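Worksheet for the structure shown next.
Residue numbers (the working numbering), protein chains in the order written: chain A, 1 to 127; chain B, 1001 to 1381.
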């Protein structure tokens, strides 16, 4: 099937109505990645209890793909053990979004990096 | 859903009158202008007529008008064609030139200096004199900037170059890319004092695939592609008669552009957006500016996101320039103005045109604030 827009419908849905955005006050793991130079900044928040990610949220300044991948990563890791969450791949995220323009795959990588930093942060503090 | 096009600086629709005038060149008068039979000769007649129309528009001689396929090609010919025979040439251009000027200069191997721009996007003409060297052969300054619409003082620049040329055997050549300006400003090459000038059909309600380069008589420009003798050997290849006739036809109906009306709509957008989003910033001088261009920066919201969300509402704008959309780097124009990377990434260009209505403008003003505010919520900035 030919694609009619630059982004897939799934990406657009998540970009226009993300469900997991917002700062998390009681997070015990925070990952901050990206920078204004590359045009995307993401902060991933997680609340972990007994190794399980109970909640995940994000704050992202960036393109539509950056927002959509942030939302996807939060959804995909919710309820997972941190070890399991660490094995999340770009490919799985792109599949979840149905499609991502080649130039935007790095946004999925950035979201994964944000998640890893958040998990690192959680581990570091021995929380 | 009603679709609203506010990206006229990227390209324009073909004016219906233009379409009607040139449809004959697709199936009927399809000949090759180089052919001596009647099919060829009617195509050649169209070429001659088109050249006359363009020459009138530019106030130059017919033989000073060369047709090519695009403004990028014209700018490449202007740069490489002038530099080709020169030894160790030096070029001056502003940092806010279109890539179609900057890239050829960079790739030519010529030494290159930027004529700096002020924070409002106007070149500092007073710096030109000190940048000119003994081996300077080309100065290229765009007439109106494609991203921020700022107008450059071409007459004053050409005056400085003329003074300098009085002392020289090898004259400095002055080129301008007038692609964005041609809809709204006089392109009289005599009064502008330029040696080379580029215009493009698809930015002026003609079809894509034709541009014209004015080359002042006596200016030595070498071809950059080789073949038969079309365009006096300077641009070989069978002429795109359809698009070239379209460029001429577009010029013939150019007075349909209403500068005053366009400017009013532009200012309406600026007022409307600033009243809803008071911390928005307009990039580039509001005084020396095209009547159809606005470039905004919004804190906390990224340009592509704004553009994609607006597109969902049926409104088409752009980030920086359409040509840059496939690159992740922020606009070189906005960075040259001194904007931070964050500010440059947070910008959109809105460009109006002949068919823009007040209702369309108001729809845009109504939709934009909630989009920007939502993105600010998502970014937390």
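By construction, the Cβ of each residue, glycine as well, lies at the ideal position given by its N, Cα and C atoms. Owing to the predicted nature of the structure, the values given are computational and were not obtained by experimental measurement.
What does the alpha-carbon distance come out to for the pair residue 1084 (chain B) and residue 1216 (chain B)?
One-based indexing of the second chain puts residue 1084 (chain B) at position 84. One-based indexing of the second chain puts residue 1216 (chain B) at position 216. Between the alpha carbons of residue 1084 (chain B) and residue 1216 (chain B) lies a distance of about 17 angstroms.
Can you say whether residue 1025 (chain B) is buried or exposed, counting buried as having 16 or more other CB atoms within 10 angstroms of its CB?
As a working mapping, residue 1025 (chain B) is identified with position 25 in the second chain. Residue environment analysis places residue 1025 (chain B) among the buried positions, since at least 16 neighbouring C-beta atoms fall within 10 angstroms of its C-beta.
Could you spell out where the beta strand (DSSP E) holding residue 1032 (chain B) opens and where it closes?
Residue numbering aside, residue 1032 (chain B) sits at position 32 when the second chain is read from its first letter. Going by DSSP, residue 1032 (chain B) is part of no beta strand (DSSP E) at all; its letter is neither H nor E.
Give me the chain B residues within the contact set of residue 64 (chain A), using Cβ-Cβ distance strictly less than 7 angstroms, ordered along the chain.
On the first chain, residue 64 (chain A) is found 64 positions in, with the first residue counted as 1. The answer, in chain order, is 1304, 1305, 1308.
If you draw a straight line from the alpha carbon of residue 1063 (chain B) to that of residue 1146 (chain B), how long is it in whole angstroms?
In the second chain, the residue the question calls residue 1063 (chain B) occupies position 63. In the second chain, the residue the question calls residue 1146 (chain B) occupies position 146. Rounded to the nearest whole angstrom, the C-alpha separation of residue 1063 (chain B) and residue 1146 (chain B) is 28 angstroms.
Per DSSP, what kind of secondary structure is residue 1209 (chain B) in: helix, strand or coil?
Taking the second chain and counting its residues from 1, one reaches residue 1209 (chain B) at position 209. In the structure shown, residue 1209 (chain B) sits in coil (DSSP, three-state: anything other than H, G, I, E or B).
Partners in chain B for residue 60 (chain A), counting only beta-carbon separations shorter than 7 angstroms
Counting from 1 along the first chain, the entry for residue 60 (chain A) is found at position 60. At a C-beta separation below 7 angstroms, residue 60 (chain A) has these neighbours in chain B: 1378, 1379.
From residue 81 (chain A) to residue 1073 (chain B), what distance separates their C-alpha atoms?
For the purposes of this step, residue 81 (chain A) is taken as residue 81 along the first chain, with counting starting at 1. For the purposes of this step, residue 1073 (chain B) is taken as residue 73 along the second chain, with counting starting at 1. Cα-Cα distance, rounded: 57 angstroms.
Roughly how many angstroms separate the alpha carbons of residue 1223 (chain B) and residue 1078 (chain B), rounded to a whole number?
Mapped onto the second chain, residue 1223 (chain B) falls at position 223. Mapped onto the second chain, residue 1078 (chain B) falls at position 78. Each residue's Cα considered, the two are about 10 angstroms apart.
I'd like to check one pair, residue 1034 (chain B) with residue 61 (chain A): are the Cβ atoms closer than 9 angstroms?
Taking the first residue of the first chain as 1, we reach residue 61 (chain A) at position 61. Taking the first residue of the second chain as 1, we reach residue 1034 (chain B) at position 34. No, the pair does not count as a contact, with Cβ atoms beyond the cut-off.
Are the beta-carbon atoms belonging to residue 1054 (chain B) and residue 1212 (chain B) less than 9 angstroms from one another?
Walking along the second chain from the start, residue 1054 (chain B) turns up at place 54. Walking along the second chain from the start, residue 1212 (chain B) turns up at place 212. Taking 9 angstroms as the Cβ cut-off, residue 1054 (chain B) and residue 1212 (chain B) qualify as a contacting pair.
C-beta contact flag for residue 1315 (chain B) and residue 1003 (chain B) at 9 angstroms:
Translated into the one-based positions of the second chain, residue 1315 (chain B) becomes position 315. Translated into the one-based positions of the second chain, residue 1003 (chain B) becomes position 3. Contact: yes.
Buried/exposed call for residue 1001 (chain B), threshold 16 Cβ in 10 Å:
What you label residue 1001 (chain B) is simply residue 1 of the second chain in a count that begins at 1. Residue 1001 (chain B) is exposed by the Cβ-count criterion.
Whether residue 94 (chain A) touches residue 88 (chain A) by CB criterion (9 angstroms)
Counting from one through the first chain, the residue named residue 94 (chain A) turns up at place 94. Counting from one through the first chain, the residue named residue 88 (chain A) turns up at place 88. Taking 9 angstroms as the Cβ cut-off, residue 94 (chain A) and residue 88 (chain A) do not qualify as a contacting pair.
Please give me, in chain order, every unbroken run of the beta strand (DSSP E) with length at least 3 that falls completely inside the region 1271 to 1358 of chain B.
The region 1271 to 1358 of chain B contains these whole beta strand (DSSP E) runs: 1293 to 1297, 1347 to 1351.
Checking 9 angstroms against the spacing of the C-beta atoms, do residue 79 (chain A) and residue 53 (chain A) come in under that value?
Your numbering for residue 79 (chain A) matches position 79 in the first chain. Your numbering for residue 53 (chain A) matches position 53 in the first chain. The answer is yes: Cβ separation under 9 angstroms.
Using the C-alpha atoms, what's the distance from residue 1318 (chain B) back to residue 1324 (chain B)?
Position 324 of the second chain, counted from the first residue, corresponds to residue 1324 (chain B). Position 318 of the second chain, counted from the first residue, corresponds to residue 1318 (chain B). In this predicted model, residue 1324 (chain B) has a pLDDT of only 49, less than 50, meaning its place in the structure is not dependable; the value taken from the coordinates is given anyway. Going from the Cα of residue 1324 (chain B) to the Cα of residue 1318 (chain B) covers about 10 angstroms.
Taking Cβ-Cβ distances below 9 angstroms as the criterion, which residues of the region 4 to 28 of chain A are in contact with chain B?
Residues of the region 4 to 28 of chain A that bring their beta carbon within less than 9 angstroms of a beta carbon in chain B comprise 5, 6, 7, 12, 15, 16, 18, 21, 22, 23, in sequence order.
Closest to residue 1260 (chain B) by CA distance: which of B:1159, B:1221, B:1291 is it?
As a first step, residue 1260 (chain B) must be located in the second chain, where it is residue number 260. Minimum Cα-Cα distance from residue 1260 (chain B) among the listed residues B:1159, B:1221, B:1291 corresponds to B:1291.
Considering residue 1160 (chain B), what are the terminal residues of the beta strand (DSSP E) in which it resides?
Here residue 1160 (chain B) refers to the residue found at position 160 of the second chain. Segment 1154 to 1166 is the alpha helix (DSSP H) holding residue 1160 (chain B); no beta strand (DSSP E) there.
Can you look up residue 1267 (chain B) in the DSSP assignment and give me helix, strand or coil?
Working through the second chain from its first residue, we reach residue 1267 (chain B) at position 267. In the structure shown, residue 1267 (chain B) sits in a helix (DSSP, three-state: H, G or I).
Got a sec? Which residues, its chain only, sit under 6 angstroms from residue 1244 (chain B) by beta carbon, not counting five neighbours each side?
For the purposes of this step, residue 1244 (chain B) is taken as residue 244 along the second chain, with counting starting at 1. Only 1050, 1067, 1210 meet the Cβ criterion.
How many Å lie between residue 26 (chain A) and residue 1343 (chain B) at the Cα?
The residue labelled residue 26 (chain A) in the question sits at position 26 within the first chain. The residue labelled residue 1343 (chain B) in the question sits at position 343 within the second chain. Rounded to whole angstroms, residue 26 (chain A) to residue 1343 (chain B) spans 31 angstroms at the Cα level.
Hey, is residue 1322 (chain B)'s beta-carbon within less than 9 angstroms of any beta-carbon in chain A?
For the purposes of this step, residue 1322 (chain B) is identified with residue 322 of the second chain, where counting begins at 1. Residue confidence is low: residue 1322 (chain B) scores 49 on pLDDT, short of 50, so the model does not pin down where it sits. Its coordinate-derived value is still stated next. So, not an interface residue.
Beta-carbon separation (whole angstroms), residue 33 (chain A) vs residue 42 (chain A), contact threshold 8 angstroms:
On the first chain, position 33 is the one that residue 33 (chain A) refers to. On the first chain, position 42 is the one that residue 42 (chain A) refers to. Contact flag correct, Cβ pair sits at about 5 angstroms.
Straight-line CA distance for residue 102 (chain A) to residue 1163 (chain B)?
Here residue 102 (chain A) corresponds to residue number 102 of the first chain, with the count starting at 1. Here residue 1163 (chain B) corresponds to residue number 163 of the second chain, with the count starting at 1. Answer to the nearest angstrom: the Cα atoms are 52 angstroms apart.
Is the Cβ of residue 1301 (chain B) closer than 9 angstroms to any Cβ of chain A?
Along the second chain, read from residue 1 onward, the residue named residue 1301 (chain B) stands at position 301. At a cut-off of 9 angstroms, the C-beta of residue 1301 (chain B) has a neighbouring C-beta in chain A.
For residue 1234 (chain B), I'd like the list of residues in its chain whose CB is within less than 7 angstroms of its CB, leaving aside the five on either flank, ordered along the chain.
Along the second chain, read from residue 1 onward, the residue named residue 1234 (chain B) stands at position 234. Excluding residues within five positions, the ones whose Cβ falls inside 7 angstroms are 1066, 1221, 1223.
Along the alpha helix (DSSP H) that carries residue 67 (chain A), what are the first and last residues, could you check?
Indexing the first chain from 1 puts residue 67 (chain A) at position 67. Start and end: 64 to 77.
Are the Cβ atoms of residue 1312 (chain B) and residue 12 (chain A) separated by less than 9 angstroms?
Sequence index remark: in the second chain, residue 1312 (chain B) carries index 312 (1-based). Sequence index remark: in the first chain, residue 12 (chain A) carries index 12 (1-based). Cβ atoms of residue 1312 (chain B) and residue 12 (chain A): closer than 9 angstroms.
So residue 70 (chain A) packs on residue 90 (chain A), CB below 8 angstroms; how close in whole Å?
Translated into positions along the first chain, residue 70 (chain A) becomes position 70. Translated into positions along the first chain, residue 90 (chain A) becomes position 90. About 14 angstroms; that fails the 8 angstroms criterion.
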